[in-house]
Amino acid sequence: MTQGREGRGNSAGGGAPGGGKDSAELEDEFHNVALLREEGVHPRMSLTRIHVRIGRRFVSVWWALPAVLIGGIAVVIVAKVLMGIGAVGGAGGFTSAHPCEPSMAELQSEGRRFGIPAWSIATHALNFFIMVMVVRAGWQILADHPRLYLKIHCTPDKEWLRFRGAMPKNRVWTAKDDAITLSPMVGMPGGRHTIGVARHWHFLFDILFVLNGIVFIILTFASGHWRKLVPTEWSIFPNAVSCLVQYSSLSLPHELGGYYTYDALQQLSYFAIVFIVAPLAILTGIAMSPAMDNHFTWYQKIFGNRQIARSLHFLVMVVFVVFYGVHMLMVAATGFAENLNAITLDVAPADGFNLNGIALWGLAILFVILFNVWAVRFSWTHTRVLQRISNATVGKVMDLLFDKYAPKAEYTEEDISPFFWPNGLVPVSEEWHDLHGGGFEDYRLTVTGLVDNPVELSLDDIKALAHRDQITMHNCIQGWSAIGKWSGLPFSALIDLVRPTSEARWAIFRSFGEGGEGGQYYDSHSMVDLKHPQSLLAYEMNNEPLPVVHGAPLRLRVENQLGFKQVKWIKEIEFVHDFRQYGAGLGGYNEDHEFYGYRDEI
Ligand SMILES: Nc1nc2c(c(=O)[nH]1)N[C@H]1C(S)=C(S)[C@@H](COP(=O)(O)O)O[C@H]1N2
Ligand SMILES: [Mo]
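Residue numbering for the sequence shown follows the UniProt record's numbering, beginning at 1 and increasing consecutively.
Listed below in structure tokens is the structure:
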């Protein structure tokens with residue numbers, strides 16, 4: 001196995017400028033691996049495999065379908081019966097005392113401006129386009145760790161929802177092994193282990209989502225249109241109940257649409273989507289950032305913990321998707337042509353029937369579909385270009401938002417996770433196996449590069465230098481987290497020892513282990529991150545010598561960064577001015593091979 005791998009070259013290049021594979025080769029490799037699918041072992045996403053946990057049993061979510069159907073029919077029957085009762089549906093009954101829709105005469109007497117301004121048409125349409133990209137890329141991210149938990153520990157069989165079977169327990173099963181394959185019709189960009197690419201789309205469109213939302217909200221308030229959207233009287237609640245009963249009894253309003261005003265239920269649901277659901281999507285997304293959670297310890301607690309935030313992030317997506325389905329159903333059921341004329345062309349329903357709105361809407365949908373087809377293709381043919389565009393934009397935004405916060409969150413022994421998902425391939429080299437066989441007595445950490453005092457340190461040397469224990473939270477890019485206790489050498493003590501020159505800006509950590517596609521695993525960290533008190537070269541985990549799967553004899557902890565930056569089985573450290581001449585030049589193995597972002601801090 002070692003022999004077979006050797007021929008593949010060494011992506012970290014051992015320092016040779018541009019050494020190892022070129023970018024195009026890595027791109028090809030990525031595509032092959034990302035498309036790989038061994039049925040059964042790496043299953044393709046299948047709707048029949050979605051299971052929710054009830055107690056200790058995992059039950060197919062499809063059992064909810066008959067319940068929803070029967071429930072729906074029951075609601076219609078009850079509503080129809082209620083509407084037949086005078087006190088509810090009668091002339092002086094509840095529904096007339098609490099009208100679903102405001103009276104037009106009243107609105108006109110208040111001098112309300114009617115219609116749908118161009119900015120509203122534009123932001124509304126753009127938002128749909130953006131959401132499709134965000135949601136599809138989000139599904140792809142979820143597919144990389146298709147389990148959702150309520151505890152910060154991500155213990156197998158304790159998840160509340162999963163998109164594949166139980167974790168196989170007859171072998172070492174890494175979190176990477178657990179990823180499933182998505183069709184490019186579902187995920188953006190489809191495939192397996194394409195989370196790096198999916199995240200570029202997700203974050204690029206997140207930024208657009210926020211910008212579009214800001215424009216919408218500013219103009220909504222500046223124009224006075226907020227009065228259409230924001231409820232100002234308590235009567236909205238009984239009025240919305242009245243709407244609900246009337247809608248449920250299948251008596252739908254016609255042609256009022258949203259042109260003049262919203263009915264109480266519309267107003268409430270639109271308000272909730274804009275002012276509750278959308279902000280929740282953003283806030284729960286940010287709660288997945290190790291930089292955020294490990295600095296602002298209170299932040300993830302708003303939601304309970306980071307895994308609840310992740311689950312909420314998923315549920316918010318479900319709300320968006322269901323909302324969109326119901327929204328379109330209502331648009332169609334209350335006068336499709338008239339409603340679409342209003343929302344695409346600002347044409348009042350009273351102005352007569354034509355198909356212009358439907359045509360325009362159809363063109364918009366066609367554009368979204370074509371864009372998605374193009375985006376999938378572009379993801380696979382220009383992966384590196386996409387990564388560079390995202391690094392230059394998303395990367396800069398992340399740096400701006402999160403880079404200045406030193407991690408400081410610490411947990412207690414009781415918080416330590418009972419299970420810590422492993423990731424990565426245990427080294428196969430003879431060198432590492434010999435060292436392991438000898439209890440790492442002969443291990444020497446080499447520290448070279450732009451330093452005044454290059455050193456070779458044994459484990460005993462390292463232990464004698466300085467010592468620190470910390471109980472911290474690990475966040476993998478895939479979405480899982482775990483709390484572990486780490487003991488080791490504070491990196492700042494190593495910096496004091498080797499004295500990096502003023503030229504040194506990064507340290508590259510090279511592993512004995514290979515990455516998933518062969519070639520040496522490595523990653524780089526900024527001097528700023530490495531000087532944080534919580535940056536550690538760990539040789540113990542949970543009061544025991546570092547286990548082999550977790551990186552023996554030495555692994556990195558840089559707690560404001562994601563899991564893939566925590567290099568395991570460290571062989572050597574080199575201080576450099578610029579990482580671009582190493583490997584494929586993107587700063588690390590996953591950045592080179594899986595197109596991960598630049599120092600992602602979420
Ligand atoms: N050498 C090496 N280090 C590695 C990896 C790897 O594949 N090879 N995987 C990284 C990833 S993606 C994660 S999430 C963490 C996992 O650390 P753990 O196995 O201790 O949970 O290790 C990181 N360090
Ligand atoms: Mo990871």
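A virtual CB, placed ideally from N, CA and C, is assigned to each residue, including glycine.
- Note that the C-beta distance between THR446 and ILE573 is below 9 angstroms.
- Contact annotation, PHE402 with ALA493: C-beta distance approximately 25 angstroms; criterion of less than 8 angstroms not satisfied.
- Straight through space, the alpha carbons of VAL455 and TRP201 are spaced by roughly 42 angstroms.
- PHE203 places its beta carbon 9 angstroms or farther from that of ASN127.
- DSSP places ASP529 in the uninterrupted alpha helix (DSSP H) bounded by 527–530.
- Here TYR522 carries a strand assignment [DSSP, helix/strand/coil].
- The continuous beta strand (DSSP E) containing TRP506 extends over residues 506–514.
- Less than 9 angstroms divides the Cβ of ILE152 from the Cβ of ASP415.
- Annotation: the segment 230–285 contains the following complete segments of the alpha helix (DSSP H) (minimum length 4 residues), in chain order: 236–248, 264–272.
- Cβ-Cβ distances below 7 angstroms link SER481 to ILE152, CYS154, ARG306, GLN307, MET473, HIS474, ASN475 in the same chain, with the five nearest sequence neighbours on each side left out; the list follows chain order.
- Distance from the C-beta of PRO422 to the nearest heavy atom of ligand 1 is below 8 angstroms.
- In the structure shown, SER223 adopts helical secondary structure according to DSSP, grouped into three states.
- Its Cα nearest to that of VAL319, the residue ALA281 stands out among ALA281, GLU431, THR174.
- By the criterion of a C-beta distance shorter than 6 angstroms, VAL322 is surrounded by no residue of its chain, once the five residues flanking it on both sides are discounted.
- Residues THR261 of the same chain have their beta carbon placed closer than 7 angstroms to that of PRO102, with the five preceding and five following residues left out of the count.
- ASN294 places its beta carbon 9 angstroms or farther from that of TYR598.
- Apart from the 5 residues on each side of it in sequence, PHE353 sits with its Cβ closer than 8 angstroms to the Cβ of ALA337, GLU338 in its chain, given in chain order.
- When distances are taken from the beta-carbon of GLN478 to the heavy atoms of ligand 1, the shortest one is below 8 angstroms.
- Under the criterion of beta carbons closer than 8 angstroms, ILE130 and ARG199 do not qualify as touching, at roughly 16 angstroms.
- Not one heavy atom of ligand 1 falls within 8 angstroms of the beta-carbon of PHE203.
- For PHE509, the distance from the CB to the nearest heavy atom of ligand 2 is not below 8 angstroms.
- For LEU450, no beta strand (DSSP E) encloses it, and the DSSP letter there is neither H nor E.
- Counting every other CB atom within 10 Å of its CB across the protein chains shown gives GLU431 a total below 16, marking it as exposed.
- The alpha-carbon of THR95 is positioned some 11 angstroms away from that of GLY84.
- Between VAL88 and SER379, the C-beta gap is not smaller than 9 angstroms, which leaves the two residues out of contact.
- If the five residues before and after LEU208 are omitted, its C-beta is found closer than 8 angstroms to the C-beta atoms of LEU126, ILE130, all from its own chain and listed in chain order.
- By alpha-carbon distance to HIS532, the top candidate from GLU514, GLN581, ALA409, VAL78 is ALA409.
- Look at GLY71 here: in three-state DSSP terms it is helix.
- Distance from the C-beta of ALA482 to the nearest heavy atom of ligand 1 is below 8 angstroms.
- Going by beta carbons, VAL576 and ARG505 fall inside the 9 angstroms limit.
- Cα atoms of THR181 and VAL376: separation of roughly 15 angstroms, rounded to the nearest angstrom.
- Here THR181 is bridged, per DSSP, to ARG44.
- Under a 10 Å Cβ-count criterion, MET188 is classified as buried, with 16 or more other Cβ atoms of the shown protein chains found around its own Cβ.
- Within the same chain, and ignoring the five residues on either side of GLN478 in sequence, the residues whose Cβ sits closer than 6 angstroms to its Cβ are ASP144, HIS145, ALA175.
- Short note on PHE564: C-beta closer than 8 angstroms to some heavy atom of ligand 1.
- Taking the Cα positions, LEU315 is about 20 angstroms away from GLY55.
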